[in-house]
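Here is the structure we will look at.
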Amino acid sequence: MTDLAPCGTARLLLAVLVFVGSAAAGRGADPVVVDLSEYKPASGVAVRQDGARLRLTWPMTEREFGVLVLHPEANQPLIEELGTAGTAAGPVTPLLRRVDPVTVLTVGTRDLTQGWNVFFDNPPRRPHRTHLATLRPKAVRVHSRGRSSTVVLDGLTAGPFRGEYRFTVYPGCRLVHAEAVVSTDHDATAFLYDTGLTAPEPFCTSVAWLDTSDRLRRVVAAARTNAEPVAVRHRAVVAEVEGGSVAVFPPPHQYLYPLDFADNFRLVWHGRGFRDEVAGWGLGTRQPPEGDGRFVPWVNAPPKSRQHLSVFYLLSGGKAEQALEQVRRFTHGDRFPPLEGYKTFTSHYHVEHTREFLEQQRKQKTDGVPRGLEEPPFVKTFKAHGIDIVHLAEFHYAHTPEVNGQRLRLLKTMHDECRRLSDGRLLVLPGEEPNVYLGGHWISLFPRPVYWELHPKPGTPFERRVEGTGAVYAVHGPEDVLRLMEKENGLMWTAHPRIKSSYGFPDRYRDSAFYRSPRFLGAAWKAMPADASHPRLGARALDLLDDMANWGPRKYVLGEVDVFQVKPDYELYGPMNVNYIRLDKRPRFEDGWGPLLDALRGGRFFVTTGEVLISDFKVGGKASGEVVKSAGGASVEMEATLTWTFPPAFAEVVWGDGAKTRRRRIDLREEAAFGGKTLRVPLALGGAKWVRLEAWDVAVNGAFTQPVWVE
38 MTDLAPCGTA RLLLAVLVFV GSAAAGRGAD PVVVDLSEYK PASGVAVRQD
88 GARLRLTWPM TEREFGVLVL HPEANQPLIE ELGTAGTAAG PVTPLLRRVD
138 PVTVLTVGTR DLTQGWNVFF DNPPRRPHRT HLATLRPKAV RVHSRGRSST
188 VVLDGLTAGP FRGEYRFTVY PGCRLVHAEA VVSTDHDATA FLYDTGLTAP
238 EPFCTSVAWL DTSDRLRRVV AAARTNAEPV AVRHRAVVAE VEGGSVAVFP
288 PPHQYLYPLD FADNFRLVWH GRGFRDEVAG WGLGTRQPPE GDGRFVPWVN
338 APPKSRQHLS VFYLLSGGKA EQALEQVRRF THGDRFPPLE GYKTFTSHYH
388 VEHTREFLEQ QRKQKTDGVP RGLEEPPFVK TFKAHGIDIV HLAEFHYAHT
438 PEVNGQRLRL LKTMHDECRR LSDGRLLVLP GEEPNVYLGG HWISLFPRPV
488 YWELHPKPGT PFERRVEGTG AVYAVHGPED VLRLMEKENG LMWTAHPRIK
538 SSYGFPDRYR DSAFYRSPRF LGAAWKAMPA DASHPRLGAR ALDLLDDMAN
588 WGPRKYVLGE VDVFQVKPDY ELYGPMNVNY IRLDKRPRFE DGWGPLLDAL
638 RGGRFFVTTG EVLISDFKVG GKASGEVVKS AGGASVEMEA TLTWTFPPAF
688 AEVVWGDGAK TRRRRIDLRE EAAFGGKTLR VPLALGGAKW VRLEAWDVAV
738 NGAFTQPVWV E
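Under the numbering used here, the first residue of the sequence shown is numbered 38, with each subsequent residue one higher.
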């Protein structure tokens, strides 16, 4: 027996283990070489080899250790034990024994008419197949990176995909990060993956979760229960045993491929015979194949891209209630936490409250607030998520000309309702996705209620007075759109750039007068399309942010969500992001919200999925949106204060010279979960035109700033 512990000096470079099979994977019988040369005791993880077993022990808290025992022998489950201990060498309280990780891939085809930046696609409507991943390792290695150690087993196959299976543990954290890392040579591939733990018979006494009303549900882990999907909070399901529990949950944002609707599509499962592929009993997470039944694009898998199909196991010494509370910590309870000096702003919601309000007035024969809409579901939901300001995108249910005849009534209702629904906790802002004249789709935001017509009759003057309404504007083309924005101090930007109905935009109008105007903010960011091979989300819009900065005019990218309907029982947090705007106070509807537009136009904000925050960012003492003077070849300091929940992965300083974009990665893997750090990095800005910062964690949650401009 060999110990490779944080306090030890022994290093086992090569060992031979025999991997002969598993209940789920049929591992091969040939002996394999296990390479431990990259294992580092300084990672804080103790690794012990005992015959054909690898035992990992790591501190989860000051008084609690996690234990993972892998036993890849013939006819043995891969995970021999998951447990906790009071000391590194103390007795283990077993949580789960003799279980196998399971990965199920559903593989279809991608329509590449618009390349890989595609949303309008439906792989489930074309032929597709489901494959149970099998593991027959020929090599195993253990490597350490910062405060983590990873066991890598090669020989994983699932249909056209090939790769390896990994287990990573992080000292100071309750998580076991399990992931299949696979790629395919096939072109035009789209896929889904489901994960979990399985065994021939139930391996826990009960299964528990929070339902969409936040009530704890607990059922007996019955051997005869057929696998079924369940709608839950926080995307987590818990296996309970006498000594504690293990929660299983996916990366909160990367796992959910984009859809138009954010309904809760039952993201976990438990029972026997999952998807008719898993022979035994188990529990885990799932990606819904049919989505919302509209456009269901699944996940991209470009040829040779290494897809990281992740899931987390959280070890807890308590019952399900405690485990779920520990899961909630990683996402602040699916809330965007308050940050001093900032207000949370979220944009692009097609809740269509105006239409529903008028329809219910008609049905209930009332001129007042219809029953059931006193506080609409979307208002309750935004408050529950910690939102200060929400920006709507109404009237997206029909082509603009079809509603033009009743447009002034619709606008008045929207304005009046936003005023009524705004209070001391939430400011509700009127807004639209007008999609006329400019090309592609775009969003409008004014600092006060504004009345304007999108398809007026020919000859209608640009501005006229309407009794009971006041000024009404008529826009006949892009020149009038810009004229309106300038007159009313509004902002506009490209919605879902380079994808959906904005495919090719804003690139195609980058030289236009309206784009170059200060009234054109830039574009919006969302984790779309899904691609599990990237260590950051939303590369499509992040690349555009860099391109726009190199083009010249000072433009910014804000976060958007772009979903229809928002209700308390929906899974909104997963596809959500938020903008932290540098504002001292939330504007009042009655006073207008000009300070918000000023902050957006000034680049005084950062975008985040919620788990990583950048509370301060300066280059040479200048914050995002401001200008720093370049002193020739002399360096200036970039300073940024980060906080995070999941173990962090890296930060990147990104800058450009007007033609090329460059990156400098800062490794954060020495840092523990639930921490923070102030980065101080000297930068030589010779030739640079702009500088910004990103930061990402091991679950591919992240945040990014707007540029500091360099002169």
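Note that beta-carbon positions come from the ideal geometry of N, C-alpha and C, so glycine has one too.
If you draw a straight line from the alpha carbon of residue i to that of residue j, how long is it in whole angstroms?
i: Val348; j: Pro288; result: 7 Å
i: Ala284; j: Thr698; result: 41 Å
i: Asp599; j: Thr450; result: 22 Å
i: Phe419; j: Leu463; result: 8 Å
i: Leu119; j: Val104; result: 6 Å
i: Arg591; j: Val737; result: 28 Å
i: Thr680; j: His369; result: 12 Å
i: Val406; j: Glu516; result: 38 Å
i: Leu395; j: Val278; result: 53 Å
i: Phe157; j: Asn337; result: 13 Å
i: Val257; j: Lys380; result: 44 Å
i: Ala60; j: Ala236; result: Note that Ala60 scores 36 on pLDDT, short of 50, meaning its location in the model is unreliable; the coordinates nonetheless yield the value given after this. Distance between the alpha carbons of Ala60 and Ala236 is about 7 Å.
i: Glu314; j: Val141; result: 8 Å
i: Leu582; j: Gly724; result: 19 Å
i: Ile703; j: Ala740; result: 14 Å
i: Ser667; j: Gly152; result: 39 Å
i: Ala677; j: Val84; result: 35 Å
i: Thr249; j: Thr322; result: 16 Å
i: Ser220; j: Lys341; result: 5 Å
i: Cys210; j: Gly442; result: 59 Å
i: Ser74; j: Gln86; result: 14 Å
i: Pro20; j: Arg184; result: Residue numbering for the chain in the displayed model covers 38 to 748; residue 20 lies beyond these limits and cannot be assessed.
i: Thr242; j: Asn263; result: 16 Å
i: His452; j: Leu574; result: 34 Å
Classify residue i as helix, strand or coil using the three-state DSSP reduction.
i: Val518; result: helix
i: Met451; result: helix
i: Trp479; result: strand
i: Glu469; result: strand
i: Ala47; result: Caution is warranted here: a pLDDT of 32 is assigned to Ala47, below 50, making its placement in the model unreliable, and no coordinate value can be reported.
i: Trp588; result: helix
i: Trp246; result: strand
i: Phe551; result: helix
i: Leu722; result: coil
i: Asp72; result: strand
i: Asp313; result: helix
i: Val155; result: coil
i: Asn337; result: strand
i: Lys524; result: helix
i: Val416; result: helix
i: Thr391; result: helix
i: Arg619; result: strand
Taking the Cβ atom as the reference point for each residue, do residue i and residue j lie within a distance shorter than 9 Å?
i: Ala217; j: Tyr230; result: yes
i: Leu320; j: Leu234; result: yes
i: Gly423; j: Arg372; result: yes
i: Arg309; j: Pro266; result: no
i: Arg261; j: Ala245; result: no
i: Arg556; j: Met529; result: yes
i: Leu346; j: Thr232; result: yes
i: Val745; j: Glu674; result: no
i: Phe332; j: Glu389; result: no
i: Pro138; j: Tyr202; result: yes
i: Glu689; j: Glu731; result: yes
i: Leu447; j: Arg392; result: yes
i: Trp318; j: Ala227; result: no
i: Ala564; j: Arg619; result: no
i: His223; j: Leu361; result: no
i: Asn154; j: Ile536; result: yes
Quick test of your reading: residue i and residue j, contact by CB under 8 Å. State the CB separation rounded to the nearest angstrom.
i: His533; j: His478; result: 7 Å
i: Pro161; j: Pro295; result: Rounded, the Cβ-Cβ distance is 15 Å, inconsistent with contact.
i: Gly631; j: Pro484; result: 4 Å
i: Leu107; j: Val188; result: 6 Å
i: His513; j: Leu466; result: His513 to Leu466, Cβ: 26 Å. No contact.
i: Val649; j: Asp734; result: 6 Å
i: Leu253; j: Ala357; result: 7 Å
i: Leu558; j: Tyr593; result: 6 Å
- prompt: Does the segment 392 to 412 come close enough to the segment 613 to 630 to have 3 or more Cβ pairs within less than 8 Å?
  reply: no
message: Check whether the segment 470 to 485 and the segment 498 to 509 are in contact - that is, three or more C-beta pairs closer than 8 Å.
response: no
query: For the segment 187 to 205 against the segment 162 to 170, are there 3 or more C-beta pairs whose distance is under 8 Å?
result: yes
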